[in-house]
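2 protein chains.
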Amino acid sequence: MVPGQRLIETDLAACFQVGRNAVREAMQKLAARGVVDLSPHRSPAIRRLDPDETFEVLDVASALTGLAARTAAIHFDAQRHDTPLRAAMDMLDEAQRVDEAAMFSQARRRFYRALLTIGGNRELQRIFPAIGMHIIYAQYQTRQLRGIRVADYRAIAEAVVGSNPEGAAEAGHAHVEHVRRVIIEALERSGSMVHPERKAQGEGS
Amino acid sequence: MVPGQRLIETDLAACFQVGRNAVREAMQKLAARGVVDLSPHRSPAIRRLDPDETFEVLDVASALTGLAARTAAIHFDAQRHDTPLRAAMDMLDEAQRVDEAAMFSQARRRFYRALLTIGGNRELQRIFPAIGMHIIYAQYQTRQLRGIRVADYRAIAEAVVGSNPEGAAEAGHAHVEHVRRVIIEALERSGSMVHPERKAQGEGS
DNA sequence: AGAACAGTATTGTGGAACAATAAAGGGGGC
DNA sequence: GCCCCCTTTATTGTTCCACAATACTGTTCT
Numbered sequence: 043m044v045p046g047q048r049l050i051e052t053d054l055a056a057c058f059q060v061g062r063n064a065v066r067e068a069m070q071k072l073a074a075r076g077v078v079d080l081s082p083h084r085s086p087a088i089r090r091l092d093p094d095e096t097f098e099v100l101d102v103a104s105a106l107t108g109l110a111a112r113t114a115a116i117h118f119d120a121q122r123h124d125t126p127l128r129a130a131m132d133m134l135d136e137a138q139r140v141d142e143a144a145m146f147s148q149a150r151r152r153f154y155r156a157l158l159t160i161g162g163n164r165e166l167q168r169i170f171p172a173i174g175m176h177i178i179y180a181q182y183q184t185r186q187l188r189g190i191r192v193a194d195y196r197a198i199a200e201a202v203v204g205s206n207p208e209g210a211a212e213a214g215h216a217h218v219e220h221v222r223r224v225i226i227e228a229l230e231r232s233g234s235m236v237h238p239e240r241k242a243q244g245e246g247s
Numbered sequence: 043m044v045p046g047q048r049l050i051e052t053d054l055a056a057c058f059q060v061g062r063n064a065v066r067e068a069m070q071k072l073a074a075r076g077v078v079d080l081s082p083h084r085s086p087a088i089r090r091l092d093p094d095e096t097f098e099v100l101d102v103a104s105a106l107t108g109l110a111a112r113t114a115a116i117h118f119d120a121q122r123h124d125t126p127l128r129a130a131m132d133m134l135d136e137a138q139r140v141d142e143a144a145m146f147s148q149a150r151r152r153f154y155r156a157l158l159t160i161g162g163n164r165e166l167q168r169i170f171p172a173i174g175m176h177i178i179y180a181q182y183q184t185r186q187l188r189g190i191r192v193a194d195y196r197a198i199a200e201a202v203v204g205s206n207p208e209g210a211a212e213a214g215h216a217h218v219e220h221v222r223r224v225i226i227e228a229l230e231r232s233g234s235m236v237h238p239e240r241k242a243q244g245e246g247s
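Each protein sequence line maps, in turn, to chains A and B.
Residue numbers for the first sequence follow our numbering, so the first one is 43 and each next one is one higher.
Residue numbers for the second sequence follow our numbering, so the first one is 43 and each next one is one higher.
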């Protein structure tokens, strides 16, 4: 599954033993989540982010991650929320220890799900998975990024359990900025950088 | 078209002279934009926001409207962007003058489209229409709200043409807060308010 | 009145057919 | 040899039909 790859619906239908109809609906759901690009009369292609669009995604992610973290910190209730959050963190640690990418992805999803559940904002729960963050995770999957993420997630979690909304929001913004910096460095190394210094356009700290 | 109304796909197919399939795909697109609620084995219902969820939508809207305004202010170029933005503002004025709801909706959409175009953030262009703001506009359509909106939009536009990112973001946040206040008052009048004081959970000023 | 039950309405899904469009390949003209 | 146009092919867009699975409704029995 490489970015830009085209998915022919007849093939998928045959492959999964389902009707073309189901394939089309699945594609629409994936398009809504930003996984595939859908243009009329063309096969759906799994989404590819050029450097510019990558940073655009990060700007949106910064805004909504900050909101998610802040909202979770406001609504955190140790009684109900401590266990699931701690479970997510433990799984992140475990995934990093055994160094398995698939398990790490699962743990990351669990962490964000916990964050969104704690916050309780249904609209955010609906919108958040539509951000192209998944694509970034998949496209720039490095061990370095995983380490940074675990540390950042811990900072967010601590601010949340400490019921510190502004700290949580800031930790969320900081996390996205860390990801941005790592990607900038990776792009500079590979020389595919068009705008050498691309600054964040979200709330400065 | 009243909130909660159920849409039977057979009826719609017959009504619009299209196949059930097309209706289903259209429903999925509407669900992605947050217009209808879609639960398995049940007819799609046009989305209804209870007071709580209304405020949750506003929290998300505040974050993304702020980002949209800030990004537009950063990328504003008088040469290319002055004309479309001014056209949108003129249409808003005209719509308010003749006091037509349909025209006002169209003008509002145009304003946001201009904002998103100026900013140039493709991910934001993709995500923004998915916010349930439409539903709020439809559900709380009052003359008072229209007036507030025109004033707020003007403030945003001025900050944008002045290339003042922080001012634009603040104007965006302020706009959403104004809408929030009007809705709180409306709910208090109608007595359907559960949590009497529901504070914004986005960035304070 | 309340609960189990049958019948109906509606969605979920597969399959076939055809039109419409886009991509690819081939044949002429320069 | 290279480019343009045309034909051919592959793929999507859409409709129709059929049937299974599920939710809704109304009725009957206790």
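From the three backbone atoms N, C-alpha and C, an ideal C-beta is built for every residue, glycine too.
Name the DSSP beta bridge partners of residue i, please?
i	result
A:ILE88	A:VAL78
A:ARG139	Answer is none; A:ARG139 lacks a bridge partner.
How would you list, in chain order, the residues of chain A whose beta-carbon sits under 8 angstroms from the beta-carbon of residue i?
i	result
B:THR113	ASP101 and GLN243
B:GLU142	Here the premise fails: no neighbours, minimum Cβ distance about 29 angstroms.
Does residue i pass the burial test, meaning 16 or more other C-beta atoms within 10 Å, or should it be called exposed?
i	result
A:PHE97	buried
A:VAL44	exposed
B:SER81	exposed
A:GLU227	exposed
A:GLY108	buried
B:ILE169	buried
A:SER24	With chain A covering 43 to 247 only, the question about residue 24 of chain A has no answer from this structure.
B:GLY246	Only weak support exists for where B:GLY246 lies, its pLDDT of 49 falling under 50; the coordinates are left without a value.
B:GLN70	buried
A:VAL60	exposed
A:ALA56	exposed
B:ASN163	buried
A:THR125	exposed
B:GLU142	exposed
B:GLU230	exposed
A:ILE198	buried
B:PHE146	buried
A:VAL140	exposed
B:ASP101	buried
A:ARG191	buried
A:ALA74	buried
B:GLU212	buried
A:THR113	buried
B:GLY244	buried
A:ARG89	buried
A:GLY46	exposed
A:ASP92	exposed
B:ILE178	buried
For residue i, return the contacting residues in chain B, with the cut-off set at a CB-CB distance below 7 angstroms.
i	result
A:GLU95	ARG164 and GLU165
A:ILE116	GLN243
Mind pulling the chain A residues with CB within less than 7 angstroms of residue i?
i	result
B:ALA105	ALA105, LEU106 and LEU109
B:THR172	Just to set this straight, residue 172 of chain B is Ala in the shown sequence, not Thr. Here the neighbours are ILE169 and ALA172.
B:GLU51	None at all; the shortest Cβ gap to chain A is about 13 angstroms.
B:GLU227	Near B:GLU227 there are no residues of chain A at all, since even the closest Cβ is about 21 angstroms away, more than 7 angstroms.
Name the chain B residues that come within less than 9 angstroms of residue i, Cβ to Cβ?
i	result
A:GLY76	GLU165, ARG168 and ILE169
A:GLU200	In chain order: nothing, as chain B lies at least about 19 angstroms away.
A:GLU230	Within 9 angstroms Cβ-Cβ: nothing; A:GLU230 doesn't reach chain B, min ~22 angstroms.
Can you tell me where the alpha helix (DSSP H) with residue i in it begins and where it stops?
i	result
B:ARG48	Careful: B:ARG48 lies outside any alpha helix (DSSP H) and carries neither H nor E.
B:PHE97	93-117
B:TYR278	No information on residue 278 of chain B is available, as it lies outside the stretch 43 to 247 that chain B covers here.
A:TYR179	175-181
A:ALA210	207-232
B:ALA167	Note that residue 167 of chain B corresponds to Gln in the displayed sequence, not to Ala. That run of the alpha helix (DSSP H) goes 164-169.
For residue i, go through chain B and note every residue whose CB falls closer than 8 angstroms to its CB, in chain order.
i	result
A:GLN70	GLU67, GLN70, LYS71 and ALA74
A:ASN256	Nothing about residue 256 of chain A can be reported from this structure: the residues present for chain A run from 43 to 247 only.
Closer than 9 angstroms by beta-carbon distance: list the chain A residues that pair up with residue i, in chain order.
i	result
B:GLU219	Under the 9 angstroms cutoff, chain A gives no residues; its nearest Cβ is about 15 angstroms from B:GLU219.
B:GLU212	What B:GLU212 touches in chain A: nothing, since even the nearest Cβ is about 11 angstroms away.
Residue i: beta carbon under 7 angstroms from a heavy atom of the ligand ADP?
i	result
B:VAL60	For the ligand ADP, the structure offers nothing, since it holds no ligand at all.
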